[in-house]
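This report concerns only the one structure given below.
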Amino acid sequence: MLITAFNWIVNNQPEFLRALGQHLVMSGVSLVFALAIGLPLAVLIINRGGLAFAVINSINALRTIPSLAILAIMMPLLGIGLWPSIVALTVLALPPILLNAFIGLRDVDPDAVEAAIGMGMSRGQVLRKIRIPLAAPAMFAGARTAAVQVLAGATLAPFIGGGGLGDFIAVGISMMDMSRLLVGAIPIAILALATEFTLGLAEKIFFAERTSA
Amino acid sequence: MNWAPKNIPEILTATWQHLVLSVSSVLIGLVIALILGIICARRPRFYAVVLTITGIIFVIPSLALFALLIPWLGLGTKPALVGLSSYCLLILLRNVVTGLRGVPADVLDAADGMGYSAWQRLVRIELPLALPLIVSGIRIALVTVIGIATVAAFIDGGGLGTIILMGIDQSYTEKILVGGILTALMATFFDLVLSQAEKALVRWR
Chain D
74 MLITAFNWIV NNQPEFLRAL GQHLVMSGVS LVFALAIGLP LAVLIINRGG LAFAVINSIN
134 ALRTIPSLAI LAIMMPLLGI GLWPSIVALT VLALPPILLN AFIGLRDVDP DAVEAAIGMG
194 MSRGQVLRKI RIPLAAPAMF AGARTAAVQV LAGATLAPFI GGGGLGDFIA VGISMMDMSR
254 LLVGAIPIAI LALATEFTLG LAEKIFFAER TSA
Chain U
318 MNWAPKNIPE ILTATWQHLV LSVSSVLIGL VIALILGIIC ARRPRFYAVV LTITGIIFVI
378 PSLALFALLI PWLGLGTKPA LVGLSSYCLL ILLRNVVTGL RGVPADVLDA ADGMGYSAWQ
438 RLVRIELPLA LPLIVSGIRI ALVTVIGIAT VAAFIDGGGL GTIILMGIDQ SYTEKILVGG
498 ILTALMATFF DLVLSQAEKA LVRWR
């Protein structure tokens, strides 16, 4: 079965590579969008109590909606294809990014903030020079969780015509073709594990001296 | 709203299936996590190995995990149950082990001094003291599994995902909303109930 799957990939390279490309583009673009929305939003709400409460609560409510439903609902709103999937995946990636960034910014060592205020820094300066750099590891951790979630969500994109590697699983199930199933499932699993491992390693390398200190 | 009021029995069946699937997966996961957790609590190296394996399972996207199970288990409830219970292993195991390790050494010494056997000590002292963290693990696992269980519909596992998939196939927005909102409500309900239970346990302890 594994050999049949492997042979299929070798014999259908263009199709496989196109699906892989779609999968990566879809995930990458959504992650970038989610970072571009989530990080500034976290910075924006950090000093505004009421707004923060509203945003955090709506994000927490959003988190309980299953990813399949978030993808599905894009169809009546935006139609089928790649873009509706990208919008859905951006929505999926937003909670971990925003929540981690917010908690990281909020829970910065109060002594550091006080020292900065004592040195005459304004609120904006404290944010830019103290809070954001100190919250960087938490932000990175959020992006890592989001990346893995987006890759998982992208697997479901074929349901709304978004393409990607999940296509092979969908085809495999509908034809009960086990090797086709594996053509989708194995690369998806490897991709998710490799992403998690690489980003975990990057986290250790970038932020090692800070966490040990 | 035309479809939902006329199809209450169908919706209730799907909701019930979803509930049974999610709860039984977490219960199966809990039994395995308790056994592994009790072994792991005192064997850090074995714990590291088990943690890596459960971590790998947790990272694999749900649809891919189900797909990997189909060649062995076929379609239906079986792969859904196996997939979902393997998902909660990491969450449950971490909380069981952290809970057991959090029992103070003095308490364990006292229990030994009172002549408790290892088994008595585990059942009467360690597990009750670890209970709040175990319940917290059950809460996170159940909320996660309720969401992922929608994907099980695709491998004929039943549940609320069937309604969402029907909605996608027929471009019927109402069905997508009904399936999605009921799933979200179920997750929120268990989140609230179990966090109350957690608080009550901490107070009782």
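From first to last, the protein sequence lines stand for chains D and U.
In terms of our numbering, the first sequence opens at residue 74 and continues consecutively.
In terms of our numbering, the second sequence opens at residue 318 and continues consecutively.
C-beta: ideal position from N, C-alpha, C; glycine also.
Taking the alpha helix (DSSP H) that U:Tyr261 falls in, what are its first and last residues?
The structure shown has nothing for residue 261 of chain U, since chain U only spans 318 to 522.
Who are the Cβ neighbours of U:Ile345 in its own chain at under 6 Å, not counting the five residues just before and after it?
Around U:Ile345, the same chain offers Ser402 as residues with beta carbons nearer than 6 Å, after the five sequence neighbours per side are excluded.
Whole alpha helix (DSSP H) runs in the region 332-375 of chain U with 4 or more residues, listed along the chain?
Counting whole runs of 4 or more residues, the region 332-375 of chain U contains no alpha helix (DSSP H) stretch at all.
Between D:Ala258 and chain U, is any beta-carbon pair separated by less than 8 Å?
Among the residues facing chain U, D:Ala258 is included, as its CB has a counterpart in that chain under 8 Å away.
Cβ separation of U:Leu410 and U:Val367, assumed to be a contact under 8 Å, to the nearest whole Å:
Contact flag correct, Cβ pair sits at about 7 Å.
Between the region 339-353 of chain U and the region 453-470 of chain U, are three or more C-beta pairs nearer than 8 Å?
Yes: the two stretches touch, three or more of their Cβ pairs being nearer than 8 Å.
For a test of the three-state rule: what should DSSP assign to U:Gln299, helix, strand or coil?
As shown, chain U starts at 318 and ends at 522. That puts residue 299 of chain U outside it, with no answer to give.
Distance, D:Met194 Cα to U:Ala384 Cα
Rounded to the nearest angstrom, the two C-alpha atoms are 56 Å apart.
I'd like to know if U:Leu511 contacts chain D, where contact means its C-beta is closer than 8 Å to some C-beta of that chain.
No, its Cβ sits nowhere closer than 8 Å to a Cβ of chain D.
Using the beta-carbon of each residue, which ones in chain D are nearer than 9 Å to U:Phe471?
Here the neighbours are Leu141, Leu229, Phe232, Ile242, Ala243 and Ile246.
Name, please, each residue of chain D whose Cβ falls closer than 9 Å to the Cβ of U:Ile497.
The sequence as given places Gly at residue 497 of chain U; Ile does not occur at that position. Ile138, Pro139, Leu141, Ala142, Ile143, Ala145 and Ile146, listed in chain order.
Buried versus exposed call for D:Phe270 [16 or more other C-beta atoms within 10 Å across all chains shown]:
Burial call: exposed.
What is the residue span of the alpha helix (DSSP H) that U:Lys323 lies within?
Note, U:Lys323: alpha helix (DSSP H), Trp320 to Lys323.
Taking 8 Å as the threshold (C-beta atoms), are D:Met99 and D:Ala220 in contact?
Result no, Cβ atoms of D:Ala220 and D:Met99 do not sit closer than 8 Å.
Any C-beta of chain U sitting closer than 8 Å to the C-beta of D:Glu269?
Taking Cβ atoms only, chain U reaches closer than 8 Å to D:Glu269, which makes this a yes.
Would you mind stating whether U:Val452 and U:Leu511 have Cβ atoms separated by less than 8 Å?
Yes, they are a contact pair.
Where U:Glu593 falls, given that 16 or more other Cβ within 10 Å makes a residue buried:
Any answer about residue 593 of chain U is impossible in this case: the structure gives chain U only from 318 up to 522.
When you check each C-beta in the region 148-179 of chain D against every C-beta of chain A, which residues fall closer than 8 Å?
Note that chain A does not occur in the displayed structure, where the protein chains are D and U.
Round the Cβ separation of U:Leu386 and U:Leu338 to the nearest angstrom and send it over; I've been treating them as touching at under 8 Å.
That pair is no contact at about 15 Å.
Among D:Leu162, D:Phe89 and D:Ala214, nearest to D:Ile278 - alpha-carbon criterion:
Checked all of D:Leu162, D:Phe89 and D:Ala214; the closest Cα to D:Ile278 is D:Ala214.
Which whole runs of the alpha helix (DSSP H) in the region 118-203 of chain D are 4 residues long or more, in chain order?
Inside the region 118-203 of chain D, DSSP marks whole alpha helix (DSSP H) runs of 4 or more residues at positions 122-137, 140-151, 155-179 and 183-191, from first to last along the chain.
Taking Cβ to Cβ, would you say D:Pro157 is nearer than 8 Å to D:Ile233?
For D:Pro157 and D:Ile233, yes; Cβs fall inside 8 Å.
Helix, strand or coil, according to DSSP, for D:Leu97 in the structure here?
Residue state, collapsed to three classes: helix.
State the start and end residues of the unbroken alpha helix (DSSP H) segment that holds U:Ile408.
Per DSSP, U:Ile408 belongs to the alpha helix (DSSP H) from Thr394 to Arg418.
In angstroms with no decimal places, state the Cα-to-Cα distance between U:Phe363 and U:Ile377.
Approximately 22 Å between the Cα atoms of the pair.
Select from D:Leu229, D:Ile146 and D:Gly257 the residue whose C-alpha is nearest the C-alpha of D:Leu93.
The shortest Cα separation from D:Leu93 among D:Leu229, D:Ile146 and D:Gly257 belongs to D:Gly257.
Cutting at 7 Å between CB atoms, please list the residues of its own chain near D:Leu124, excluding the five before and the five after it.
Only Ile118 meet the Cβ criterion.
Buried/exposed call for D:Asn130, threshold 16 Cβ in 10 Å
Under this definition D:Asn130 is an exposed residue.
Just the C-alpha distance for D:Ala286 and U:Pro449, rounded to the nearest angstrom, thanks.
Low local confidence applies: a pLDDT of 41 at D:Ala286 is under 50, so the model's placement there is unreliable, and no value is given.
Within chain U, the residues that D:Gly239 reaches when beta carbons sit closer than 7 Å
Chain U residues near D:Gly239: Leu380.
From the beta carbon of D:Ile261, is the nearest beta carbon of chain U less than 8 Å away?
At a cut-off of 8 Å between beta-carbon atoms, D:Ile261 makes contact with chain U.
Is there a C-beta anywhere in chain D that falls below 8 Å from the one on U:Thr505?
For U:Thr505, a Cβ of chain D is located within less than 8 Å of the residue's own Cβ.
Span separating the alpha-carbon of U:Leu380 from that of D:Pro87
For U:Leu380 and D:Pro87, the gap between their C-alpha atoms comes out near 23 Å.
Between the region 463-480 of chain U and the region 387-394 of chain U, can you find at least three pairs of beta-carbon atoms closer than 8 Å?
The answer is yes - the region 463-480 of chain U touches the region 387-394 of chain U, with three or more Cβ pairs under 8 Å.
Using 8 Å as the cut-off, can you tell me whether the region 135-155 of chain D makes contact with the region 492-503 of chain U, which would need three or more C-beta pairs spanning the two stretches below that distance?
With three or more CB-CB distances shorter than 8 Å, the region 135-155 of chain D counts as touching the region 492-503 of chain U.
Going by beta carbon distance, what residues of the same chain come within less than 8 Å of D:Leu255, once the five residues before and after it are set aside?
Once the five neighbours on either side are set aside, the close Cβ partners of D:Leu255 are Met74, Leu75, Ala78 and Gly245.
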